[in-house]
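First residue of the sequence shown: 143, per this note's numbering; consecutive thereafter.
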Amino acid sequence: MKTKEEIGEKIEVLNDKIAGLRAEEDDLTNELKVILAGSELQSIMLTSTLVSSESQVRDLLEKFEQRAEELTEKYEEASLEGNAEMKNQIHAMIWTNDIRLDTIKWVLEEDDEGI
Numbered sequence: 143m144k145t146k147e148e149i150g151e152k153i154e155v156l157n158d159k160i161a162g163l164r165a166e167e168d169d170l171t172n173e174l175k176v177i178l179a180g181s182e183l184q185s186i187m188l189t190s191t192l193v194s195s196e197s198q199v200r201d202l203l204e205k206f207e208q209r210a211e212e213l214t215e216k217y218e219e220a221s222l223e224g225n226a227e228m229k230n231q232i233h234a235m236i237w238t239n240d241i242r243l244d245t246i247k248w249v250l251e252e253d254d255e256g257i
C-alpha cells in the first residue's frame, strides 16, 4: 500500500490541478470540466484512504468492483432495450466508478499505471 506521504503528494498535485482549472472555470471546455470532476473525485478518494486501514481500502475495492459488475449488467440491459437516456446515465456512473477503482488500485499498488 502507498505510504501516507505518497498519497499526500498525489493529493497536492491533484489539488494544484483543480485550483488551476477552477481559476479558468468560466472558459473551460466540456473536456476540461470532465477532467476537473475526475480530479476532484480522485482527491476525495485519496483523502478518504489517508485515515483508512489497508483492510478498509480493500473492502472499498471489493465494493466498487461489485458495483462495476452491476453497472455493466444494467448498461447491457439498457442497450438491449434501446434506452439511450439510461445508457448515458449508466455510462456516467461507470466512469465515476472506474475513477474510484483506479484510485484505490493505485493506493493498494495493484496497478502499475499512475492516476
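Using N, Cα and C, we set each Cβ at its ideal position, and we do this for glycine too. These numbers were taken from a predicted model, which means no experiment stands behind them.
Query                                                                                                                                                : Result
Helix or strand or just coil, what does DSSP make of K144?                                                                                           : coil
Within the chosen definition, does the stretch 157 to 175 reach the stretch 190 to 205 through at least 3 CB pairs nearer than 8 Å?                  : no
In whole angstroms, what is the alpha-carbon distance linking K144 and A234?                                                                         : 28 Å
Please state whether DSSP places N225 in a helix, a strand or coil.                                                                                  : coil
Whose C-beta lies closer than 7 Å to the C-beta of N239 among residues of the same chain, with five residues either side of it excluded?             : F206, R209, A210 and L213
For the alpha helix (DSSP H) containing S190, name the first residue and the last one.                                                               : N172 to L192
Grab me the residues of I241's own chain with a C-beta within less than 7 Å of its C-beta, minus the 5 sequence neighbours each way, in chain order. : G180, L183 and Q184
If we cut at 9 Å on Cβ distances, does R209 have a partner in chain C?                                                                               : Considering every chain present, this structure includes no chain C. It has just one protein chain.
Compare the beta carbon distance of T189 and V249 with 9 Å and say whether it is the shorter of the two.                                             : no
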